[in-house]
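Colleague: Okay, handing you the structure first.
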Amino acid sequence: MKTYKIALLPGDGIGEEVCMEAVKVLRCIEEKYEVEFKITGGLIGGAAWPEYGNHFPEETKILVNNSDAILFGSVGGPVDAQFEPQWKDCEKNSILAIRKFIGASINLRPAPIFKELSHFCPLRSDIIGNESFEILVIRELSGGIYFGEHSRPTADTALDTSTYDRATIQKIAQFSFQAAQNRKKTLHSIDKANVLETSRLWREVFEAESKNWPEVKFHNLYVDNAVQQLVKWPRQFDVIACPNLFGDIISDLTSVFPGSLGMLGSASFGNKIHLYEPSGGSAPDIQGLNVANPIAQIYSAALMLRHSFEMHEAANDIDSAVLKTIQLGFRTGDIYMENKGETKLSCSDMGDKICAFI
Ligand code: NAD
5 MKTYKIALLP GDGIGEEVCM EAVKVLRCIE EKYEVEFKIT GGLIGGAAWP EYGNHFPEET
65 KILVNNSDAI LFGSVGGPVD AQFEPQWKDC EKNSILAIRK FIGASINLRP APIFKELSHF
125 CPLRSDIIGN ESFEILVIRE LSGGIYFGEH SRPTADTALD TSTYDRATIQ KIAQFSFQAA
185 QNRKKTLHSI DKANVLETSR LWREVFEAES KNWPEVKFHN LYVDNAVQQL VKWPRQFDVI
245 ACPNLFGDII SDLTSVFPGS LGMLGSASFG NKIHLYEPSG GSAPDIQGLN VANPIAQIYS
305 AALMLRHSFE MHEAANDIDS AVLKTIQLGF RTGDIYMENK GETKLSCSDM GDKICAFI
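Mapping the sequence shown onto this note's numbering, position 261 (from 1) lands on 265, and the numbers just tick up by one.
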């Protein structure tokens with residue numbers, strides 16, 4: 005029997021509640037497939053501070069180094085004390101720190117748009133259409149302007165530099181074409197090659213890589229056109245590959261299409277180990293109420309099965325179970341609407357329902 009070691013870092017806020025549901029789902033997968041998940045919990049963010057006086061303690065780093073994958077909840081700091089100065093950088097100190105620790109270089113943000121939830125999408129119904137679809141944004145995480153030099157040469161001038169090298173772009177290009185090949189065989193690469201030298205290199209590398217993927221329909225798009233197209237005709241997109249800065253903005257744009265942050269899982273790929281987490285934050289407004297939507301966390305677990313453990317069938321089982329749950333009208337509060345004949349569920353009941361469909 006195959007065994008995988010998972011570092012479970014629920015963090016604080018709703019992290020603990022939604023992670024419990026993801027663990028439930030993983031236990032169902034164990035029952036169905038010949039696999040064992042050794043899940044070890046660790047502290048991070050607000051959950052680590054009281055004991056360690058540190059957001060990302062050494063013990064958690066050791067746990068991460070001894071694991072095959074990280075399932076991460078969310079971090080914000082203790083709800084009562086978030087205004088205190090030590091919590092100001094909690095998110096930065098833990099999530100950015102752990103991404104750096106694993107050498108995260110590629111980020112995946114799938115945005116599933118369900119026809120059953122299209123009334124929560126801010127786009128008009130004729131634009132969204134009446135079929136479900138998903139847009140996968142793949143963002144380069146280790147280069148570009150976020151990692152360049154930032155300075156203030158004088159009080160009245162500021163400088164941010166952006167650098168990309170061929171190897172970094174090559175890595176995300178290969179990853180993106182492979183993802184497109186495995187899906188609908190369409191890839192849009194985003195740049196600003198009419199202005200930026202880093203974008204001209206980006207485009208050169210993507211165009212060269214496209215020759216290796218004859219089945220993939222490849223398109224280059226300037227970022228300004230891309231955001232217009234995403235709002236005007238989102239269904240034309242399936243996989244979108246972006247440099248760091250553009251990916252940050254575009255993945256936030258697509259994240260509103262599903263209608264709730266509670267529907268969005270994500271993955272960050274490191275040198276050896278990958279991290280899986282919901283796209284939303286610690287949602288302190290609903291912490292401890294058992295009302296959070298666990299689907300983002302459960303989708304993150306499915307991404308982990310697919311990308312860290314090559315368990316594609318099991319990951320598909322989870323995706324299908326979520327789809328069935330939505331199709332049959334089961335909803336947590338964030339995606340529930342009165343008078344539509346839907347069944348409102350708590351966080352834990354939603355986890356049970358998804359397990360039942362696995
Ligand atoms: P948030 O994502 O926590 O919440 C925004 C809104 O979305 C809230 O109304 C919340 O209730 C709702 N929401 C989020 N996830 C939900 C879910 N699973 N189910 C139902 N509703 C959900 O963003 P925020 O309020 O701006 O930030 C709260 C804290 O989270 C801050 O301290 C911030 O720094 C931190 N944060 C952490 C991460 C992370 O851990 N990766 C990301 C973003 C923000």
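Note that CB positions come from ideal geometry on N, CA and C, so glycine has one too.
When DSSP builds the beta bridges, which residues end up paired with Thr-158?
Modeller: Within the sequence shown, residue 158 is the residue found at index 154, counting from 1. In DSSP, Thr-158 forms a bridge with Thr-161.
Colleague: Checking 9 Å against the spacing of the C-beta atoms, do Leu-75 and Leu-112 come in under that value?
Modeller: In the sequence shown, counting from the first residue as 1, residue 75 sits at position 71. In the sequence shown, counting from the first residue as 1, residue 112 sits at position 108. No, these two residues do not count as a Cβ contact at 9 Å.
Colleague: Could you check whether the segment 77-86 touches the segment 110-128, counting it as contact only if at least three pairs of C-beta atoms, one from each stretch, sit closer than 8 Å?
Modeller: Segments in contact, no.
Colleague: Taking Cβ positions, are Ser-71 and Ile-277 nearer each other than 9 Å?
Modeller: Walking along the sequence shown from the start, residue 71 turns up at place 67. Walking along the sequence shown from the start, residue 277 turns up at place 273. Cβ atoms of Ser-71 and Ile-277: closer than 9 Å.
Colleague: Helix, strand or coil for Gly-337, going by three-state DSSP, please let me know.
Modeller: For the purposes of this step, residue 337 is taken as the residue at position 333 of the sequence shown. It is helical.
Colleague: So for Ser-350, helix, strand or coil by DSSP?
Modeller: Residue mapping note: residue 350 aligns to position 346 of the sequence shown, counting from 1. Coil.
Colleague: Considering only heavy atoms of the ligand NAD, does any lie closer than 8 Å to the CB of Pro-14?
Modeller: By 1-based counting over the sequence shown, the position of residue 14 is 10. No, the ligand NAD has no heavy atom inside 8 Å of this Cβ.
Colleague: Kindly indicate which residue of Tyr-150, Pro-298, Phe-105, Trp-53 has the alpha-carbon position closest to the one of Glu-88.
Modeller: Here residue 88 corresponds to residue number 84 of the sequence shown, with the count starting at 1. Ranking the options by Cα distance to Glu-88, first place goes to Trp-53.
Colleague: Grab the span of the beta strand (DSSP E) containing Glu-281 for me, first residue to last.
Modeller: Here residue 281 corresponds to residue number 277 of the sequence shown, with the count starting at 1. Unbroken beta strand (DSSP E) run through Glu-281: 278-282.
Colleague: Under 9 Å, do Ala-336 and Ser-350 count as touching if we go by C-beta distance?
Modeller: The residue given as residue 336 occupies position 332 in the sequence shown. The residue given as residue 350 occupies position 346 in the sequence shown. Before going on, a small fix: residue 336 reads as Thr here, not Ala. Result yes, Cβ atoms of Thr-336 and Ser-350 sit closer than 9 Å.
Colleague: Return the CA-CA distance between Leu-234 and Glu-55, expressed in angstroms with no decimal places.
Modeller: Here residue 234 refers to the residue found at position 230 of the sequence shown. Here residue 55 refers to the residue found at position 51 of the sequence shown. For Leu-234 and Glu-55, the distance between alpha carbons rounds to 45 Å.
Colleague: Alpha carbon to alpha carbon, how far is Ser-155 from Leu-200?
Modeller: In the sequence shown, the residue the question calls residue 155 occupies position 151. In the sequence shown, the residue the question calls residue 200 occupies position 196. When rounded, the distance between both Cα atoms is 20 Å.
Colleague: What's the gap between the Cα of Ala-73 and the Cα of Ser-312?
Modeller: Position 69 of the sequence shown, counted from the first residue, corresponds to residue 73. Position 308 of the sequence shown, counted from the first residue, corresponds to residue 312. When rounded, the distance between both Cα atoms is 7 Å.
Colleague: Indicate whether Phe-210 and Asn-224 have their beta-carbon atoms separated by less than 9 Å.
Modeller: Counted from its first residue, the sequence shown places residue 210 at position 206. Counted from its first residue, the sequence shown places residue 224 at position 220. Yes, these two residues count as a Cβ contact at 9 Å.
Colleague: Kindly provide the ranges of any alpha helix (DSSP H) runs that are 4 or more residues long and lie completely inside the segment 8-91, ordered along the chain.
Modeller: As far as the segment 8-91 is concerned, its whole alpha helix (DSSP H) runs of at least 4 residues are 19-36, 53-56, 62-69.
Colleague: Rounded to whole angstroms, what is the Cα-Cα separation between Asn-216 and Gly-17?
Modeller: Position 212 of the sequence shown, counting from 1, holds the residue named residue 216. Position 13 of the sequence shown, counting from 1, holds the residue named residue 17. Taking the straight line from one Cα to the other gives about 45 Å.
Colleague: Alpha carbon to alpha carbon, what distance is there between Ala-85 and Asp-164?
Modeller: Along the sequence shown, one-based indexing puts residue 164 at 160. Along the sequence shown, one-based indexing puts residue 85 at 81. Each residue's alpha carbon lies about 34 Å from the other.
Colleague: Could you name each continuous alpha helix (DSSP H) segment of 4 residues or more that falls completely within the segment 259-319, going from the start of the chain to the end?
Modeller: Counting whole runs of 4 or more residues, the segment 259-319 contains the alpha helix (DSSP H) stretches 299-311.
Colleague: How would you write the range of the alpha helix (DSSP H) that Asn-186 sits in, first residue to last?
Modeller: Here residue 186 corresponds to residue number 182 of the sequence shown, with the count starting at 1. That run of the alpha helix (DSSP H) goes 170-186.
Colleague: With DSSP run on the structure shown, which of helix, strand or coil describes Ala-101?
Modeller: In the sequence shown, counting from the first residue as 1, residue 101 sits at position 97. Looking at Ala-101 - three-state DSSP - the assignment turns out to be helix.
Colleague: Could you spell out the range, first to last residue, of the alpha helix (DSSP H) harbouring Ala-212?
Modeller: Your numbering for residue 212 matches position 208 in the sequence shown. 201-214 is the extent of the alpha helix (DSSP H) around Ala-212.
Colleague: Less than 8 Å between the CB of Val-22 and some heavy atom of the ligand NAD, yes or no?
Modeller: The residue you call residue 22 lines up with position 18 of the sequence shown. Val-22 Cβ: within cutoff of the ligand NAD.
Colleague: Classify Ser-129 as buried or exposed, calling it buried when 16 or more other Cβ atoms lie within 10 Å of its own Cβ.
Modeller: Translated into the one-based positions of the sequence shown, residue 129 becomes position 125. Classification for Ser-129: exposed.
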